[in-house]
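K.L.:
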Amino acid sequence: MQGHPSLHAVQAQFVDVEVTDSHGHRPASVPWFGALAHAIFFHQGSLDYFHTHICAPDAPNCGALPGVVSSRVSGTSPEPGKLTIGVLLPEPGTWRLFLQTKLGGRVITAPYTLRVAS
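Pasting the structure below:
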């Protein structure tokens, strides 16, 4: 994630993240629990959280049950190493994002701190 995204509570937005290995190459994520990546957000000082998925372009049910239309806030991964995360947070304040993806047979978790405005 480059810089500090300008996020606002109760507004669906998208944040771009570039994933690289130690050599600067962008590895391909593989599906893990139905999605290429999972984004879990926790609000500091409360029990509020938001969980969304980053879906492959050809995953019709990513983020939903079969036959149920998936969320319009689900993210995408248009090419290896590029993740677009859908964000819809209910409250302003400090949020911790834990981004999880499976690379090379291992689940990787990357933490971020986000400031969300009103």
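Here the sequence shown is numbered in the numbering used here, starting from 2 and rising by one per residue.
Each residue gets a CB set at the ideal place from its N, CA and C atoms; glycine is no exception.
I need the DSSP call for residue 48, collapsed to helix, strand or coil.
P.N.:
As a first step, residue 48 must be located in the sequence shown, where it is residue number 47. Secondary structure of residue 48 (DSSP, three-state): coil.
K.L.:
For my contact list, residue 13 and residue 87 are in at a C-beta cut-off of 8 Å; report their separation, rounded to the angstrom.
P.N.:
Walking along the sequence shown from the start, residue 13 turns up at place 12. Walking along the sequence shown from the start, residue 87 turns up at place 86. Between residue 87 and residue 13 the Cβ distance is about 7 Å, and since that is below 8 Å, they are a contact.
K.L.:
I'd like to confirm the pairing. Which residues does DSSP put opposite residue 36 in its beta bridges?
P.N.:
In the sequence shown, the residue the question calls residue 36 occupies position 35. In the DSSP output, where bridge partners are listed per residue, residue 36 has 33.
K.L.:
Going by C-alpha to C-alpha distance, which of 80, 47, 58, 112 sits closest to residue 26?
P.N.:
For the purposes of this step, residue 26 is taken as the residue at position 25 of the sequence shown. Among 80, 47, 58, 112, the Cα nearest to that of residue 26 is on 80.
K.L.:
Please state whether the Cβ-Cβ distance between residue 177 and residue 77 is less than 7 Å.
P.N.:
Because the chain spans 2 through 119 in this model, residue 177 falls outside it and cannot be assessed.
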